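Structure record follows, encoded as structure tokens.
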Amino acid sequence: MELEAIFQLLFGAGVVITVGLFAGAALWNISGRFCQGAAALLGPLAAAGWISFAFRPNAELAVSAAGLTACCAAALGAYVLRRALVRSRRIEKEMSRAEARLSEVVAREVAEQASELERALARARADSLSLLGQEERRIAEERRQAVAEGERRASSDLADSLRAAQARLEQRIASWAEDLERAQGTLSTQAGRLRERQKQLMKEIEARIETEAKRLDAESEQHRGTVARVRDELGRAVQEALAAARAELETHSAERRRALHEVSERLRRRERELQEQIERQEGEAAGRIRASFADVERRQVEQLERTVERASSRYADAATQQFEGATKGARENAAKRLSRELDRAVSMYAREAQTVLAERLTQVAGTGTQRLEKRIGQVAAGVERQRDELIAALEHRVAETEAELRRRLEALAADTEAERGILEARLHDLARRIEALLARVDESRDSVRTLRE
0 MELEAIFQLL
10 FGAGVVITVG
20 LFAGAALWNI
30 SGRFCQGAAA
40 LLGPLAAAGW
50 ISFAFRPNAE
60 LAVSAAGLTA
70 CCAAALGAYV
80 LRRALVRSRR
90 IEKEMSRAEA
100 RLSEVVAREV
110 AEQASELERA
120 LARARADSLS
130 LLGQEERRIA
140 EERRQAVAEG
150 ERRASSDLAD
160 SLRAAQARLE
170 QRIASWAEDL
180 ERAQGTLSTQ
190 AGRLRERQKQ
200 LMKEIEARIE
210 TEAKRLDAES
220 EQHRGTVARV
230 RDELGRAVQE
240 ALAAARAELE
250 THSAERRRAL
260 HEVSERLRRR
270 ERELQEQIER
280 QEGEAAGRIR
290 ASFADVERRQ
300 VEQLERTVER
310 ASSRYADAAT
320 QQFEGATKGA
330 RENAAKRLSR
340 ELDRAVSMYA
350 REAQTVLAER
360 LTQVAGTGTQ
370 RLEKRIGQVA
380 AGVERQRDEL
390 IAALEHRVAE
400 TEAELRRRLE
410 ALAADTEAER
420 GILEARLHDL
430 ARRIEALLAR
440 VDESRDSVRT
450 LRE
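What follows is the structure, encoded as structure tokens:
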């Protein structure tokens, strides 16, 4: 018993050491020599346990030896885990340094691209400003030349037109004076004839007005009588219609009140009947529910009691038989089964530990690679996005400059066209006035000729 107790204590100490190794490997970065020393310590202890089991076959010794063996394997697994974690930390440090270098390279490239784009933008702005100044000077010079030429042409045309119009006007005024002198005599005679004709027409109009006034007075008397009769008839018809409407409204309101009273009485009776019927049905339903609940409860309790009694007796018999058979088989096969299970558990634990470690290493390597690729992709995407944004901003500024230049050119062209239109409108107005003056002179001449004739 002392040997078994010693190996049990050693097994417990091995478990504590194994847990400490795993915790230190995962959290505190213990040295590999410590893991190797723990494995070297637990290996001889496990061998001593198996040797003791060979001399004294006992289940407790077998369990202690198997546990020490498992602790030794776990110590080796902790050493492997520690190496894997150290490698993963080294990989992460390398990745962080690579990311830092990549960030520096990207920042430097972005700064260079930005400076190049700014220089290109400055050159484009300077070129556009110089072109804009040249174009403005050229357009202003063309505009001044066009305005001066238009003014010269307009002044010369206007002077020629005025001289010709003045000559025609002097000739026409001279002819008008002659025509007026000739027409003055004829107008005096025609004015006398017109005065006599006007007096005669006034007398005829006064006579017609007197006859029409008399006729209108007679017709107005007839209309006044007709209007009075129509007013009396309309008053009587309105009074009769009002009386009939009042009587009809009174009868309709009385019938409506009576119908409403009957409907309210019927509704009250129907409500009382429904209330009484609901109360009766509620009482009957409550009685039926209480009776059915009591009956169902009693039946369920009886059935449950019978079921519990049968099940308890059956389970007691079966448990007794199973306990007897199990105790007999367990006493004979306990040692063999325990040894086989321990061997199988140790081998399975070793395989699972190796599998878990391999999967962990693969996962760590894959995760690191994916993370590095993801960050590289993000950095490349950021660089591309910044470059696209800078190019888009440059194109937008160039487009705005071109649009502003076009707007200024269009404004200058519009101003030139407006001034040209104003000059043409003034010339047309002057020509229209001259033509109106000539037409008025012609009309005066024609009127003088007609009066003369």
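Numbering (numbering that gives the first Met the number 0) for the sequence shown: 0 to 452. Every residue gets a Cβ at the ideal spot worked out from N, C-alpha and C, and that includes glycine. All values derive from a computational prediction rather than experimental measurement.
CA-to-CA distance, residue j to residue i, given in whole angstroms
i	j	result
A173	R439	15 Å
R137	L116	31 Å
R265	E278	20 Å
R88	A12	30 Å
F33	A99	35 Å
A72	A53	21 Å
S114	L120	10 Å
Q170	A424	29 Å
E261	A246	23 Å
S51	G23	32 Å
Q112	A391	13 Å
L101	M94	10 Å
R432	G149	21 Å
Q140	Q133	Gln is not the amino acid found at residue 140; the sequence shown has Glu there. One C-alpha to the other measures close to 11 Å.
E209	T188	33 Å
A158	E403	42 Å
I421	D414	10 Å
R122	D428	51 Å
K198	R192	10 Å
S160	E177	26 Å
R207	E442	38 Å
K92	E103	17 Å
R235	T250	23 Å
D156	R118	56 Å
K202	E239	56 Å
R107	E388	17 Å
Buried versus exposed call for residue i [16 or more other C-beta atoms within 10 Å across all chains shown]
i	result
A38	buried
R267	exposed
T17	buried
V85	exposed
R151	exposed
L130	exposed
L75	buried
S63	buried
A147	exposed
R81	buried
A163	exposed
I65	Rather than Ile, the amino acid found at residue 65 in this sequence is Ala. Buried is the call here.
Best match in the options for proximity to residue i [C-alpha to C-alpha]
i	options	result
E416	R143, R192 and Q276	R143
S127	A97, N57, A435 and E399	E399
T57	R96, A4, E91 and R107	The question names Thr, yet the displayed sequence has Asn at residue 57. It is A4 whose Cα lies nearest to the Cα of N57.
R406	E272, E135, A125 and R107	E135
H395	E103, K92, E91 and R124	R124
E434	Q165, S155, R107 and I90	Q165
Sequence-distant residues of its chain with Cβ nearer than 6 Å to residue i (five each side left out)
i	result
L9	L44
R167	none
A410	none
Anticipated Cβ contact below 8 Å, residue i with residue j, distance rounded
i	j	result
L67	G48	5 Å
A77	L20	4 Å
F6	L60	6 Å
8 Å Cβ shell around residue i - same chain, five flanking residues per side excluded
i	result
C70	F10, G13, V14, I16, T17, L41 and A45
Short CB-CB distance (under 9 Å) between residue i and chain B
i	result
F6	Absent from the structure is chain B; it holds one protein chain and no more.
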